[in-house]
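A quick write-up on the structure given underneath.
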Amino acid sequence: MKFYYRFYCSILYRCLCLMILLALVNVQANEEKITYSYFFSDPKIVTTQGFDQFEMEDTYQSIASGKPVLPFRMVRLLLPYNSRVKSVVVKRMNLKKLGNNFNIKIANSMLPLSFPRNFNKLLSKSQKFETTSDYPEASSYHSLQKYHGYTLLLSKIHPIFINATNEVHFASTIELEIVYTFDKANGGNEKGLKHLVDHADDVWAMIDNKDAIDNYYHFSEKSGEKSNTYDYLIISTANLIRSSNAYNLNAFKEYLEQKRGLKVKIVDVATAISQERGVDNAQKLRNFIKKEYAASNIRFVLLAGDADERAPMIPYRKLYAKIRGYNGRWMDISEQIPADFYYGCLDGDFDGNGNGIWGEANDGANGGDVDFLCEVTVGRMPVDNATELANVIKKGLDVYNYNAGTRDPNAFLLGEELFKELNLWGGDYMDDLIGEVNDHGFISKGFDTSWTIKKMYDSNARSKWTGVEASTEVNAKDYLVINHLGHSSKTYNMRINGGWSYREFKNARPFFYYTQGCFPGNFPTDDSIIEHFFTGEKGAFATISNSSYGLGPEDPEPTSTKTPGTSQILNRFFIHRLLMENEMKFALAHQKSKEDILIYIDHQEARWVIWAANFFGDPALSVKAKR
Numbered sequence: 013m014k015f016y017y018r019f020y021c022s023i024l025y026r027c028l029c030l031m032i033l034l035a036l037v038n039v040q041a042n043e044e045k046i047t048y049s050y051f052f053s054d055p056k057i058v059t060t061q062g063f064d065q066f067e068m069e070d071t072y073q074s075i076a077s078g079k080p081v082l083p084f085r086m087v088r089l090l091l092p093y094n095s096r097v098k099s100v101v102v103k104r105m106n107l108k109k110l111g112n113n114f115n116i117k118i119a120n121s122m123l124p125l126s127f128p129r130n131f132n133k134l135l136s137k138s139q140k141f142e143t144t145s146d147y148p149e150a151s152s153y154h155s156l157q158k159y160h161g162y163t164l165l166l167s168k169i170h171p172i173f174i175n176a177t178n179e180v181h182f183a184s185t186i187e188l189e190i191v192y193t194f195d196k197a198n199g200g201n202e203k204g205l206k207h208l209v210d211h212a213d214d215v216w217a218m219i220d221n222k223d224a225i226d227n228y229y230h231f232s233e234k235s236g237e238k239s240n241t242y243d244y245l246i247i248s249t250a251n252l253i254r255s256s257n258a259y260n261l262n263a264f265k266e267y268l269e270q271k272r273g274l275k276v277k278i279v280d281v282a283t284a285i286s287q288e289r290g291v292d293n294a295q296k297l298r299n300f301i302k303k304e305y306a307a308s309n310i311r312f313v314l315l316a317g318d319a320d321e322r323a324p325m326i327p328y329r330k331l332y333a334k335i336r337g338y339n340g341r342w343m344d345i346s347e348q349i350p351a352d353f354y355y356g357c358l359d360g361d362f363d364g365n366g367n368g369i370w371g372e373a374n375d376g377a378n379g380g381d382v383d384f385l386c387e388v389t390v391g392r393m394p395v396d397n398a399t400e401l402a403n404v405i406k407k408g409l410d411v412y413n414y415n416a417g418t419r420d421p422n423a424f425l426l427g428e429e430l431f432k433e434l435n436l437w438g439g440d441y442m443d444d445l446i447g448e449v450n451d452h453g454f455i456s457k458g459f460d461t462s463w464t465i466k467k468m469y470d471s472n473a474r475s476k477w478t479g480v481e482a483s484t485e486v487n488a489k490d491y492l493v494i495n496h497l498g499h500s501s502k503t504y505n506m507r508i509n510g511g512w513s514y515r516e517f518k519n520a521r522p523f524f525y526y527t528q529g530c531f532p533g534n535f536p537t538d539d540s541i542i543e544h545f546f547t548g549e550k551g552a553f554a555t556i557s558n559s560s561y562g563l564g565p566e567d568p569e570p571t572s573t574k575t576p577g578t579s580q581i582l583n584r585f586f587i588h589r590l591l592m593e594n595e596m597k598f599a600l601a602h603q604k605s606k607e608d609i610l611i612y613i614d615h616q617e618a619r620w621v622i623w624a625a626n627f628f629g630d631p632a633l634s635v636k637a638k639r
């Protein structure tokens, strides 16, 4: 018996080993590998104000605080349909020593624009950087992103690095090796195919490996005709939907359908929330938007209702970010920031670890980052009643209807003294919105010579301008775009405070308003000053403003304006996107500027401004500037 038992066990053991071996072989057989190579020309070394900077084509300059400013490239690769990445290996090749006697600038932390101004310690000597290993590594960030059913890999690669002996080296080639398998669990998911054909052009423009999109064309054929059944979802309260005011949501719907060719659906927020599951109303509402997108490929979502913290008409989500700030000493500042971005990016749930803190860097799928490529363009009309709603709709229709939607190209730029101790003035950074600017490693194109530009800047040569001066100028001219950089609060912006009547705006035509200030667009407040600029009878037809701190520039050199804050970088990207076409699409340009700033997404400062900058207005609104 013992012999037979041992024989049986031996056979069983060998069978199990064979099964495991076959399984391993099968796994290896199912793995596929692709390799992409990036090539770099020798860097140009430029010395400015005593600092050496390495300039290279198709690269940006890093902003990691306390670290050397070095060039990097953001890789955007389209991966095969339904693939699941197992590993990414990045190698620097063809190395060349550049030297070891460089004085490389050290990046400083961004400054919240409304922090107290105690900078004596900040103006001390330049920092020194030391490392015990190669800095930076060949790649410092990987994120898998979903976008309309496409899978993209975002990765930051670094062709120049410093070693432990302070030598600077350059790699003329960087190779990415990606090992992946195919996700059988989603292999038959036709919903994943549904919107591919509609968004192929957007994806093609975004990616480095253009030919990879051919892989998706095969699958998109299965989806048949384009999947759109309606374009524009309006979510509001029953009371606002039933408003009898001449300028109500149903009249707005009729206009969009008849004059703009958009198919529109209006839904009561209570009904939408009641149909979905979720841990709170914000998640239920987002799940409803996801369902409508999946079914109908909607492009725009309008949240018509305020979100006052005590009793939000339309729920909102706070997303987490943490930065360094200076208030006599460096400190960590963490915030959960009101962000309607949550309703536009529809992959994952933004709380993957389930700890109730939304938007952390490990809250995406499989512990990765959250979704940053939005499927729908979102706008909010933070109105409290039918009168405010009528004001907003009327101004929007004025923009659509006046002169066939065409306006004179007039812009008003306002810049305040930011930090006098650092010789930083808002006007210097507002000038970066004019013409072509090559700064901080990227080129942006701002207002060209066809635009008439009025500047109102603080400077050492003149006294500070006042809110009365600013509002008088706004009332006197037909400005299409107004852009502001200065100190703000929930009740103070453009040097106008909550005690001053924002109803003093008497502008003939409504304007678009952008501000980098701290907290003026904090819509859970009852009510923030930008809400008043927007919901009043006059004033703005749309705005972009911060629900938390705006992040300002911090230059260690008193004569330099070459270290823009992250809010300024986002503003430059926005103006560049806005002016790319003759028809200015404000909400879409805002959304695309957040895609552009993903080059810095491994830094909390970029997350911060993506969350904080919110769009108030009609997400489909566009204007043509006369040329």
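Sequence positions in the sequence shown follow the working numbering and run 13 to 639.
Glycine included, C-beta positions come from ideal geometry on N, C-alpha and C.
Since the model is a prediction, treat every value here as computed from it, not as a measurement.
Distance between residue j and residue i (C-alpha atoms, nearest Å)
{"i": "residue 294", "j": "residue 61", "result": "50 Å"}
{"i": "residue 228", "j": "residue 90", "result": "10 Å"}
{"i": "residue 482", "j": "residue 523", "result": "14 Å"}
{"i": "residue 186", "j": "residue 376", "result": "27 Å"}
{"i": "residue 546", "j": "residue 256", "result": "21 Å"}
{"i": "residue 68", "j": "residue 606", "result": "24 Å"}
{"i": "residue 436", "j": "residue 475", "result": "16 Å"}
{"i": "residue 132", "j": "residue 77", "result": "Any answer about residue 132 is weak, because its pLDDT of 44 lies below 50 and its placement is not dependable; what the coordinates show is given next. Spanning the two alpha carbons is a distance of roughly 19 Å."}
{"i": "residue 178", "j": "residue 107", "result": "16 Å"}
{"i": "residue 617", "j": "residue 580", "result": "12 Å"}
{"i": "residue 412", "j": "residue 303", "result": "30 Å"}
{"i": "residue 393", "j": "residue 317", "result": "6 Å"}
{"i": "residue 451", "j": "residue 558", "result": "24 Å"}
{"i": "residue 259", "j": "residue 407", "result": "10 Å"}
{"i": "residue 379", "j": "residue 369", "result": "14 Å"}
{"i": "residue 262", "j": "residue 246", "result": "10 Å"}
{"i": "residue 539", "j": "residue 533", "result": "9 Å"}
{"i": "residue 455", "j": "residue 281", "result": "42 Å"}
For residue i, the nearest candidate out of the options (CA to CA)
{"i": "residue 249", "options": "581, 114, 319", "result": "319"}
{"i": "residue 560", "options": "614, 580, 142, 624", "result": "624"}
{"i": "residue 219", "options": "85, 636, 54, 612", "result": "85"}
{"i": "residue 226", "options": "93, 628, 564", "result": "93"}
{"i": "residue 181", "options": "612, 171, 387", "result": "171"}
{"i": "residue 312", "options": "358, 343, 150, 324", "result": "358"}
{"i": "residue 415", "options": "306, 638, 454", "result": "638"}
{"i": "residue 54", "options": "619, 478, 470, 70", "result": "70"}
{"i": "residue 79", "options": "173, 101, 111", "result": "173"}
{"i": "residue 155", "options": "100, 144, 112, 113", "result": "100"}
{"i": "residue 283", "options": "301, 430, 59, 589", "result": "301"}
{"i": "residue 48", "options": "251, 537, 222", "result": "222"}
Neighbourhood of residue i by C-beta, 8 Å cutoff - its chain only, sequence neighbours within 5 removed
{"i": "residue 98", "result": "43, 191, 192, 193"}
{"i": "residue 520", "result": "490"}
{"i": "residue 486", "result": "424, 494, 517, 519, 523"}
{"i": "residue 508", "result": "479, 482, 483, 514, 541"}
Proximity below 8 Å, CB of residue i to CB of residue j
{"i": "residue 153", "j": "residue 168", "result": "yes"}
{"i": "residue 553", "j": "residue 543", "result": "no"}
{"i": "residue 428", "j": "residue 499", "result": "yes"}
{"i": "residue 634", "j": "residue 596", "result": "yes"}
{"i": "residue 195", "j": "residue 95", "result": "yes"}
{"i": "residue 310", "j": "residue 331", "result": "no"}
Closer than 8 Å to chain C by CB, residue i
{"i": "residue 104", "result": "No chain C is present in this structure, which holds just one protein chain."}
Assumed close pair residue i, residue j - CB separation to whole angstroms, cut-off 8 Å
{"i": "residue 285", "j": "residue 297", "result": "6 Å"}
{"i": "residue 334", "j": "residue 345", "result": "7 Å"}
{"i": "residue 401", "j": "residue 267", "result": "No, residue 401 and residue 267 are not in contact; Cβ-Cβ is about 14 Å, not under 8 Å."}
{"i": "residue 63", "j": "residue 83", "result": "About 14 Å; that fails the 8 Å criterion."}
{"i": "residue 640", "j": "residue 528", "result": "Outside the shown range of the chain (13 to 639) lies residue 640, about which nothing can therefore be said."}
{"i": "residue 355", "j": "residue 362", "result": "Rounded, the Cβ-Cβ distance is 11 Å, inconsistent with contact."}
Sequence-distant residues of its chain with Cβ nearer than 6 Å to residue i (five each side left out)
{"i": "residue 501", "result": "531"}
{"i": "residue 608", "result": "585"}
{"i": "residue 463", "result": "421, 423"}
{"i": "residue 215", "result": "162"}
{"i": "residue 627", "result": "391, 556, 599, 602"}
{"i": "residue 175", "result": "146"}
Other residues of its chain near residue i: CB distance less than 7 Å, five sequence neighbours each side excluded
{"i": "residue 600", "result": "389"}
{"i": "residue 465", "result": "423, 425, 446, 459"}
{"i": "residue 88", "result": "164, 166, 218, 219, 220"}
{"i": "residue 211", "result": "160"}
{"i": "residue 666", "result": "The requested residue 666 is not part of the displayed model; the chain covers only 13 to 639."}
Residue i CB to nearest heavy atom of the ligand FAD below 7 Å
{"i": "residue 537", "result": "Ligands in the displayed structure: none, and consequently the ligand FAD is not present."}
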